[in-house]
Each structure stands twice: as structure tokens, then as C-alpha cells.
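Notes follow once the structure below has been shown.
In the working numbering, the protein residues as written are 2 to 73.
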């Protein structure tokens, strides 16, 4: 899909969502809100990707760093 096609598809989705929810956006802010919508779509796509074990942070901590005194 070309970037023009993707942009048109995103614009249609944005307009459909705003219409479905009865939103009336200020004309001078529509483009900025649309850019935020596109960014949010990109973030959600990244959240849904597959992850490997290497993607997870290690669950290792030093008790002294989270307690007031030395660990027993």
C-alpha cells in the first residue's frame, strides 16, 4: 500500500470514528488531532507485535535498593 493510500485510509478511519462518536472538532485543530490519531495507531501497532524473551527486562533487583535497611 502506498503512503498516499495509507494516508487516505487513515483519514477515512479518523473521520468515521469522530462522526460515530458525534465529535465536532474545531477546524483549526483537525490536522493536529489527526496527526495524534496517526501516531497513536502506530504506537498500538507496536504494542501488538510479538515479543521474545530478550524483550523482557530481567527481574533482578537488590533488596537494599528498595528497603530502608539491609536485607536479612
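Even for Gly, the Cβ is constructed at its ideal location relative to N, Cα and C.
In this text, all values refer to a predicted model and were calculated from it rather than measured experimentally.
Subject >> Endpoints, alpha helix (DSSP H) assigned at residue 33 >> reply: In the chain shown, counting from the first residue as 1, residue 33 sits at position 32. From DSSP, the alpha helix (DSSP H) with residue 33 extends over 31-48.
Subject >> Environment of residue 15 [buried if 16+ CB atoms lie within 10 Å] >> reply: For the purposes of this step, residue 15 is identified with residue 14 of the chain shown, where counting begins at 1. Answer is buried; the Cβ neighbour count reaches 16.
Subject >> Other residues of its chain near residue 12: CB distance less than 8 angstroms, five sequence neighbours each side excluded >> reply: Working through the chain shown from its first residue, we reach residue 12 at position 11. Same-chain partners within the cutoff: 35.
Original post:
At what residues does the alpha helix (DSSP H) containing residue 10 begin and finish?
Top reply: In the chain shown, counting from the first residue as 1, residue 10 sits at position 9. That run of the alpha helix (DSSP H) goes 4-21.
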